[in-house]
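Novice:
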Amino acid sequence: MTQDKSSPGLSMAIDYAPLVVFFAVNFLLPPPLAMTIVASLTSSLNDMDRLAAIVVARVIVATAAFVVATVAAMIVSKVKLGRISPMLWISGGLVVVFGGLTLYFHDPRFIQMKPTFVYTIFAGVLAIGLATNRPLLQGLLGAAYPGLTAEGWGKLTRNWAIFFALMALLNEAVWRSTSWNFWVGFKLWGAIPLTLLFAVANLPMLMRHGLKMEEDAVTDIPPEG
1 MTQDKSSPGL SMAIDYAPLV VFFAVNFLLP PPLAMTIVAS LTSSLNDMDR LAAIVVARVI
61 VATAAFVVAT VAAMIVSKVK LGRISPMLWI SGGLVVVFGG LTLYFHDPRF IQMKPTFVYT
121 IFAGVLAIGL ATNRPLLQGL LGAAYPGLTA EGWGKLTRNW AIFFALMALL NEAVWRSTSW
181 NFWVGFKLWG AIPLTLLFAV ANLPMLMRHG LKMEEDAVTD IPPEG
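Quick note on full-length UniProt numbering: the sequence shown kicks off at 1 and runs consecutively.
What follows is the structure in structure tokens.
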């Protein structure tokens with residue numbers, strides 16, 4: 001079964017809905033309810049002051065929701081689109097691994113480092129593709145760009161490799177120098193817009209290199225790290 005090219009909205013929802021869930025649970029779930037949920041599962045909050053307990057409770061509940069939503073998105077992708085893109089496999093798998101570590105150790109640093117690993121893997125894979133003259137970007141995205149020349153693919157691969165490397169550095173700078181809530185907000189209001197804007201900014205170059213804007217020719221963009 002191939003991807004349903006008539007559903008760009010569904011593709012975007014699969015990529016970004018888990019992050020929206022992560023943000024919503026973190027900021028909208030009342031702190032007392034988050035603390036009650038966590039307290040029913042572990043006694044780790046007992047030795048903390050209230051402010052620290054609220055932060056840890058938010059971390060645990062939001063991360064758990066993020067992991068569940070990510071797995072659900074991967075299932076929906078398989079059922080509705082007939083496939084799970086390699087990038088979604090990588091991103092989703094690392095959400096489960098690093099999210100699981102955060103839940104087990106009650107330590108937000110694991111889930112905060114996850115985007116750095118995702119971006120670094122993406123940048124590394126694309127750099128290998130450039131070095132070996134292989135169109136790995138197309139395989140990672142599962143995307144089709146009708147008419148795009150080999151030179152166009154090379155430039156697009158180079159651009160995304162640089163972007164991912166910069167995003168890895170940016171994520172490190174943000175999570176290491178700001179609060180948990182600021183980092184969560186950055187994920188939704190910073191990283192996603194930057195990714196979308198970068199994808200759009202590449203369109204003129206792609207069209208100069210033969211891209212045919214037919215139907216939903218460019219609907220696949222990398223999932224947010």
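The beta-carbon is built from N, C-alpha and C at its ideal position, and this holds for glycine as well.
Could you compute how far the alpha carbon of N46 sits from the alpha carbon of M35?
Specialist: Take the alpha-carbon of N46 and the one of M35: they are about 10 Å apart.
Novice: Is the CB-CB distance between L137 and L166 below 8 Å?
Specialist: no
Novice: Enumerate in chain order the residues of its own chain whose CB-to-CB distance from A161 is below 6 Å, with the five nearest sequence positions on each side excluded.
Specialist: These residues qualify, in order along the chain: A123, L126, A127.
Novice: Since F98 and M113 are thought to touch, with beta carbons under 8 Å apart, how far apart are those beta carbons, to the nearest angstrom?
Specialist: 7 Å
Novice: Ordered along the chain, which non-local residues of its own chain (more than five positions away) have a Cβ less than 7 Å from that of L94?
Specialist: Counting only Cβ-Cβ distances below 7 Å, and skipping sequence neighbours, we find K114, F117, V118.
Novice: Could you name the residues of the same chain whose beta carbon sits closer than 7 Å to that of F163, not counting the 5 residues immediately before and after it, in chain order?
Specialist: F198
Novice: Is the Cβ-Cβ distance between G210 and G152 less than 8 Å?
Specialist: yes
Novice: Going by alpha carbons, who is nearest to Y104 out of L140, V56, R134?
Specialist: Among L140, V56, R134, the Cα nearest to that of Y104 is on V56.
Novice: Can you list, in chain order, the residues of its chain whose CB lies under 7 Å from that of R158, leaving out five sequence neighbours each side?
Specialist: In chain order, L130 place their CB closer than 7 Å to the CB of R158, counting only its own chain and leaving out the 5 sequence neighbours on each side.
Novice: Leaving aside the five residues before and after N133 along the sequence, list all residues of the same chain whose C-beta is less than 7 Å from its C-beta, in chain order.
Specialist: none
Novice: What's the call for K212, buried or exposed, on a 16-neighbour Cβ count within 10 Å?
Specialist: exposed
Novice: If the criterion is Cβ atoms closer than 8 Å, does the pair R58 and N26 meet it?
Specialist: yes
Novice: Could you tell me whether the Cβ atoms of P86 and W180 are closer together than 8 Å?
Specialist: no
Novice: Quick one, are the C-beta atoms of L101 and S11 less than 8 Å apart?
Specialist: no
Novice: Buried or exposed: where does P146 fall if 16 or more other Cβ atoms within 10 Å of its Cβ makes it buried?
Specialist: exposed
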